[in-house]
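Line by line, the protein sequences give chains S and Y.
Under the numbering used here, read the first sequence as residues 1 to 110, first letter to last.
Under the numbering used here, read the second sequence as residues 1001 to 1110, first letter to last.
C-beta atoms are modelled at their ideal positions from N, C-alpha and C, and glycine is treated no differently.
There are 2 protein chains.
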Amino acid sequence: MPVTILDPHAGYVVLINTFTVEPDRADELMAVLSRATEQGMSAQPGFVSANLHVSVDRKHVANYAQWRSQPDIDAMMANPEARVHMVEAAKIATSFEPIYYALQETHGPS
Amino acid sequence: MPVTILDPHAGYVVLINTFTVEPDRADELMAVLSRATEQGMSAQPGFVSANLHVSVDRKHVANYAQWRSQPDIDAMMANPEARVHMVEAAKIATSFEPIYYALQETHGPS
C-alpha cells in the first residue's frame, strides 16, 4: 500500500469529505469508497491520492483526497461513472460534507 | 517546512478538527492555530504533525493532526497551556468539530 505525502508546496487541491453514518454501516461505507477509488477515481486525470479514515466512535468516515487542480475535480464530478459511486456512498451515509481546501502549513515536532 | 506522511501502518490517531469561520477571519484563525502549534502542541509528548488548511471559500479551516496515541491526546487536552490556545481559536471560529479517526487505507493513482 502506498503512502501519501502532505506538502504545502505541492499546490494540490485537498478535498476532505466527511460522511456521517450509522456505526454498524461504517465498514460497508468504507468498502464502497475503497472500491469507488480503485475502480473509478484512481484512473482519473489529476487524481493524486485518497485516504480513507473511520472515526473511533464509528459515526464518521472521512476521505482526505488530493487532486492536481480544480478543473481535474470538475471533470471527475462530470463523469457519470464517478457519480454512480458517489450516489452509492450517499445512500449508505446519513449525510456528507465535501469541503475543498488548500494545505497551507505543515508542522512537525519541535 | 517539513512534510507529513500518511501511512495506514503507522497506527497514529488522526484528529481532524474542522472550524467554521467568517471568511474575513480565516487568516486570523490560521495565525492562532499556527502559533498554538509552534508554541504549545509541537513540544507535547506524542505529537507527530499538524497540517493547517483553509477552504477555497474561506468558510472553513481544517487541522489534520497526527498523534502517537489517545493517551497522548488526553494528556495534551488536560494541559492548561494547550487549553488556552484552544479557547482562543474557539473564540474566533463560529463553531468547530473535532473528530478522532484511524487511517485505514491509502490509495494512489492506478
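**Contact under 9 Å by Cβ, Y:R1035 with Y:H1107** = Here residue 1035 of chain Y is taken as the residue at index 35 of the second sequence, counted from 1. Here residue 1107 of chain Y is taken as the residue at index 107 of the second sequence, counted from 1. No, they are not a contact pair.
**Prompt:** What do you reckon, are the CB atoms on S:I92 and S:L29 nearer than 9 Å?
**Reply:** Residue numbering aside, residue 92 of chain S sits at position 92 when the first sequence is read from its first letter. Residue numbering aside, residue 29 of chain S sits at position 29 when the first sequence is read from its first letter. Yes, Cβ-Cβ distance for S:I92 and S:L29 is below 9 Å.
**Prompt:** In the stretch 3 to 34 of chain S, which residues sit with their C-beta less than 8 Å from some C-beta in chain Y, listed in chain order?
**Reply:** V3, T4, I5, L6, D7, P8, H9, V13, V14, I16, T18, M30 and S34
**Prompt:** Rounded to a whole number of angstroms, what is the C-alpha to C-alpha distance between Y:R1083 and Y:Q1039?
**Reply:** As a working mapping, residue 1083 of chain Y is identified with position 83 in the second sequence. As a working mapping, residue 1039 of chain Y is identified with position 39 in the second sequence. Their Cα atoms are separated by approximately 12 Å.
**Message:** Pop quiz: Y:P1070 and S:L52 are said to be a contact at Cβ under 8 Å. What is the actual Cβ separation, rounded to whole angstroms?
**Reply:** As a working mapping, residue 1070 of chain Y is identified with position 70 in the second sequence. As a working mapping, residue 52 of chain S is identified with position 52 in the first sequence. Just to set this straight, residue 1070 of chain Y is Gln in the shown sequence, not Pro. No, Y:Q1070 and S:L52 are not in contact; Cβ-Cβ is about 20 Å, not under 8 Å.
**Request:** Starting from Y:A1050, follow its DSSP beta bridges and name the residues at the other end.
**Result:** Position 50 of the second sequence, counting from 1, holds the residue named residue 1050 of chain Y. For Y:A1050, which the question treats as bridged, DSSP gives the partners S:H107 and Y:A1065.
**Item:** is_contact[Y:F1096, chain S] using C-beta, thresh 9 Å
**Value:** Indexing the second sequence from 1 puts residue 1096 of chain Y at position 96. Y:F1096 does not count as touching chain S.
**Message:** Here's the rule I'm using: 16 or more other beta-carbon atoms within 10 Å means buried, otherwise exposed. How should Y:V1087 be labelled?
**Reply:** Stepping through the second sequence from its first residue, residue 1087 of chain Y is reached at position 87. Exposed.
**Request:** Could you give the DSSP three-state label for S:V87: helix, strand or coil?
**Result:** Counting from 1 along the first sequence, the entry for residue 87 of chain S is found at position 87. Three-state DSSP puts S:V87 in a helix.
**Item:** Closest Cα partner of S:H9 within the set S:L33, S:A102 and S:S110
**Value:** Against the first sequence, residue 9 of chain S aligns to sequence position 9. Measuring from the Cα of S:H9, the nearest candidate turns out to be S:A102.
**Request:** Taking Y:A1089 as the reference, give the member of Y:W1067, Y:A1026 and Y:P1045 with the closest Cα.
**Result:** If you number the second sequence from 1, residue 1089 of chain Y lands on position 89. Nearest of Y:W1067, Y:A1026 and Y:P1045 to Y:A1089, Cα basis: Y:A1026.
**Prompt:** Using a beta-carbon distance cut-off of less than 9 Å, what residues from the stretch 1082 to 1096 of chain Y approach chain S?
**Reply:** none
**Request:** Measure from the alpha carbon of Y:P1045 to the alpha carbon of each residue in Y:M1076, Y:T1018, Y:N1017 and Y:V1061, then state which is nearest.
**Result:** On the second sequence, residue 1045 of chain Y is found 45 positions in, with the first residue counted as 1. Nearest C-alpha to Y:P1045: Y:M1076.
**Message:** In the DSSP output, which residue or residues are listed as bridge partners for Y:V1014?
**Reply:** The residue given as residue 1014 of chain Y occupies position 14 in the second sequence. Bridge partners of Y:V1014: Y:Q1066 and Y:Y1101.
**Asked** Tell me which same chain residues have a C-beta within less than 7 Å of the C-beta of Y:A1050, skipping the five on either side of it?
**Response** Residue 1050 of chain Y sits at position 50 when you count from the first residue of the second sequence. If we look at Y:A1050 and ignore the five residues flanking it on each side, its Cβ neighbours are T1037, M1041, N1063 and A1065.
**Prompt:** Who pairs with Y:T1037 in a beta bridge, going by DSSP?
**Reply:** In the second sequence, the residue the question calls residue 1037 of chain Y occupies position 37. In the DSSP output, where bridge partners are listed per residue, Y:T1037 has none listed.
**Message:** Would Y:E1097 and Y:T1004 be called neighbours here (beta carbons separated by less than 9 Å)?
**Reply:** Working through the second sequence from its first residue, we reach residue 1097 of chain Y at position 97. Working through the second sequence from its first residue, we reach residue 1004 of chain Y at position 4. Going by C-beta atoms, Y:E1097 is not nearer than 9 Å to Y:T1004.
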